[in-house]
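> To get our numbering, take the position in the sequence shown, counting from 1, and add 1.
Ideal Cβ placement from N, Cα and C applies to all residues, glycine included.
My questions all concern the structure below.
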Amino acid sequence: MDLYQLTAHELSDMLKNKKVSTIEITKSVIDRIDKIEGSIESYITLDRDTAIKKAGDVQEKINKGESVSPLAGIPMAIKDNICTEGTLTTCASKMLNNFVPPYDATVVKRLKHNDAVLLGKLNMDEFAMGSSTENSCFKKTKNPWDLERVPGGSSGGSAASVAAGEAVFTLGSDTGGSIRQPAAYCGVVGMKPTYGAVSRFGLVAFASSLDQIGPLTRDVTDCAMVMNAIAGYDSMDSTSMAVEYPDYTKALVNDVKCMKVGIPREYIGEGIN
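And the structure:
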């Protein structure tokens, strides 16, 4: 199996055991992007050189025996409505075609602090107003499982890139399903966190009472790892909750055998498919 196909926790274990380098991982994902991006069209901005440099910096830390995060050296990408210092942030709109933020969104700052490797910015419906990623001003993202189908939206680039191996994990935003729906369409894990658990500082808002930033990953373990990095109180977001946050990975060992799933009656009414 190629490196770009592996999960974040698998790659993290390989790095810990010195079976692979961060540069090898990053180059594997970039090579995958170069091979299939013309068909998938997940990215608006791709910064190969900065990603390789960051991967090299992280590898130096590992070589020196420094303690690093489980996300250290893992290639990721960000929906293009989340601010990234020095990197174009367009919201898939020509109105922001030249907007380069002077600061990072809190979630981006936290991922960088964890030494994740930023590859670039991902396509979306313009200003997150859509559910198919056909409404971008730049390109139409395709579903990697069937290029004749849409990846969902508005975080379609975030979901398609994970499914296609163009990023190990991504961040999207969800107002009324914009993480969860494309995750379902592309067969990846997508989570809209509890309101106030993840800072929205640096997110170009759609509806502030509903907007949340969340992860899209290949499995639930990766989702928990990303949540560990991005969740937490932020004084820059007035809706952020100043509470104790759990280690999300510890919940993964719980037995789900006795859990129940509730289905609203309205979901199975006449005329509902």
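1) Go ahead and label LEU253 buried or exposed: buried means 16 or more other beta carbons lie within 10 angstroms of its beta carbon, across all protein chains shown.
2) Out of SER159, TYR249 and ASP32, state which residue places its alpha-carbon closest to the alpha-carbon of PRO1.
3) Taking the DSSP output, what are the residues bridged to SER174?
4) Give every residue of the same chain whose Cβ lies closer than 6 Å to the Cβ of LEU47, excluding the five residues on either side of it in the sequence, and list them in chain order.
5) Compare the Cα-Cα distances from THR51 to each of PHE139, ALA117, MET192 and GLU149 and report the closest residue.
6) Let me know the secondary structure DSSP gives THR88 once reduced to three states.
7) So what does VAL151 bridge to, in DSSP terms?
8) Return helix, strand or coil for MET96, following the three-state DSSP convention.
9) Give the single residue among PRO152, GLY173 and PHE128 whose Cα lies nearest to the Cα of VAL108.
10) Out of curiosity, what's the CA-to-CA distance linking PRO71 and ASN99?
11) Taking 7 Å as the limit between beta carbons, can you name the residues of its chain near SER179, skipping five residues before and five after?
12) Can you list the beta strand (DSSP E) stretches of 3 or more residues lying completely in the stretch 212-253, in chain order?
13) Taking buried to mean at least 16 other C-beta atoms within 10 Å of its own C-beta, is CYS84 buried or exposed?
14) What are the residues that DSSP puts in a beta bridge with ALA46?
15) Taking only three categories from DSSP, how would you classify MET15?
16) In terms of residues, what are the limits of the beta strand (DSSP E) holding ILE79?
17) Measuring only the C-alpha atoms, how far is MET125 from VAL199?
18) Residues bridged to VAL190 by DSSP?
19) Compute the beta-carbon to beta-carbon distance between ARG33 and TYR5, rounded to the nearest angstrom, for a pair I have assumed lies under 8 Å.
Concretely, from the data shown:
1) On the sequence shown, position 252 is the one that residue 253 refers to. Counting Cβ neighbours within 10 Å, LEU253 comes out exposed, since fewer than 16 surround it.
2) For the chain, the structure presents residues 2 to 274; residue 1 sits outside this window and is missing.
3) On the sequence shown, position 173 is the one that residue 174 refers to. Partner(s): ILE214.
4) Here the question's residue 47 lines up with position 46 in the sequence shown. So the list reads GLY121, once near-sequence residues are dropped.
5) Translated into positions along the sequence shown, residue 51 becomes position 50. The alpha carbon of THR51 has as its nearest neighbour, out of PHE139, ALA117, MET192 and GLU149, the alpha carbon of ALA117.
6) Numbered from 1 along the sequence shown, position 87 holds the residue referred to as residue 88. Looking at THR88 - three-state DSSP - the assignment turns out to be strand.
7) Along the sequence shown, one-based indexing puts residue 151 at 150. Beta-bridge pairing links VAL151 to no other residue.
8) Within the sequence shown, the letter at position 95 stands for residue 96. Residue state for MET96 is assigned as helix, using DSSP reduced to three classes.
9) Counted from its first residue, the sequence shown places residue 108 at position 107. Nearest of PRO152, GLY173 and PHE128 to VAL108, Cα basis: GLY173.
10) In the sequence shown, the residue the question calls residue 71 occupies position 70. In the sequence shown, the residue the question calls residue 99 occupies position 98. Going by the C-alpha atoms only, they are around 34 Å apart.
11) Here residue 179 is taken as the residue at index 178 of the sequence shown, counted from 1. ALA129, GLY154, SER155, SER156 and GLY173.
12) 213-218
13) Start at 1 with the first residue of the sequence shown, and residue 84 comes out as number 83. Burial call: buried.
14) The residue you call residue 46 lines up with position 45 of the sequence shown. A quick correction: the sequence has Thr, not Ala, at residue 46. Answer is LYS122.
15) Position 14 of the sequence shown holds residue 15. Reduced to three states, the DSSP call for MET15 is helix.
16) Mapped onto the sequence shown, residue 79 falls at position 78. Segment 76-80, the beta strand (DSSP E) holding ILE79.
17) As a first step, residue 125 must be located in the sequence shown, where it is residue number 124. As a first step, residue 199 must be located in the sequence shown, where it is residue number 198. CA-to-CA, the gap between MET125 and VAL199 works out to about 20 Å.
18) Within the sequence shown, residue 190 is the residue found at index 189, counting from 1. Answer is THR218.
19) Here residue 33 corresponds to residue number 32 of the sequence shown, with the count starting at 1. Here residue 5 corresponds to residue number 4 of the sequence shown, with the count starting at 1. Yes, they are in contact, since the Cβ atoms of ARG33 and TYR5 sit about 4 Å apart, within 8 Å.
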